[in-house]
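Reminder that position 32 of the sequence shown reads as 32 in full-length UniProt numbering, one-by-one numbering, no gaps.
Just so you know, even glycine gets a beta-carbon here, dropped at the ideal spot from N, CA and C.
Source: prediction; values computed, not measured.
Data first, discussion second: the structure below is written as C-alpha cells.
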Amino acid sequence: MLQTDFEFTLPKGYLDADGNLHRKGVMRLSRAMDEIVPLRDPRVKSNPAYATVIILSRVITHLGALDEVTPAVVENFFACDLSYLQNFYRQINELEEVESGE
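Pasting the structure below:
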C-alpha cells in the first residue's frame, strides 16, 4: 500500500500566540492541485517565493495541537523549520535529484 502521510519533527517548532510550542506534525504527499492553486493567488503573483508558504499550508495536515495549518502559521515558522519542511517536502514527493553511483 502506498504511504501518503509522513510524520516529522520540526528542529525548533512553531510558537503560537499563546506561547505553546508545536513540533510534531504530519505532511501528506502533494497532488498536482497543491502546486497549481498557489499560482492563482495574488500573493504569489507579487512574490513567487510565497508559493512555498501556500503549498506547505496545504500539505501539512497536522502540527501539534493546532486545528489547522494556515499560510499565516507557515509565515511564522522559524527559518530553520521552513528550510527543514522544504527539504522534507522534496524528499517525500521524490523531487530530490537522484545521484548516480558512477
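*From the beta carbon of glycine 25, is the nearest beta carbon of chain C less than 8 Å away?*
Among the chains in the structure shown there is no chain C, since it carries only a single protein chain.
_Proximity to aspartate 16 [Cα-Cα], best of Ser30, Phe78, Ser83 and Asn87_ = Phe78
_Those residues which DSSP pairs with valine 26 across a bridge_ = Glu7 and His62
*Using the rule of at least 16 other Cβ atoms within 10 Å of the residue's Cβ for burial, across every protein chain shown, is arginine 40 buried or exposed?*
exposed
*Would you kindly work out how many angstroms separate the C-alpha atoms of glycine 64 and lysine 24, rounded to a whole number?*
5 Å
_Short Cβ contact (8 Å threshold) for isoleucine 92 with phenylalanine 6_ = yes
*Where does leucine 21 fall in DSSP's three states?*
strand
_Unbroken alpha helix (DSSP H) run spanning leucine 85, endpoints_ = 79 to 92
*Mark proline 38 as exposed unless 16 or more other C-beta atoms lie within 10 angstroms of its C-beta, in which case mark it buried.*
buried
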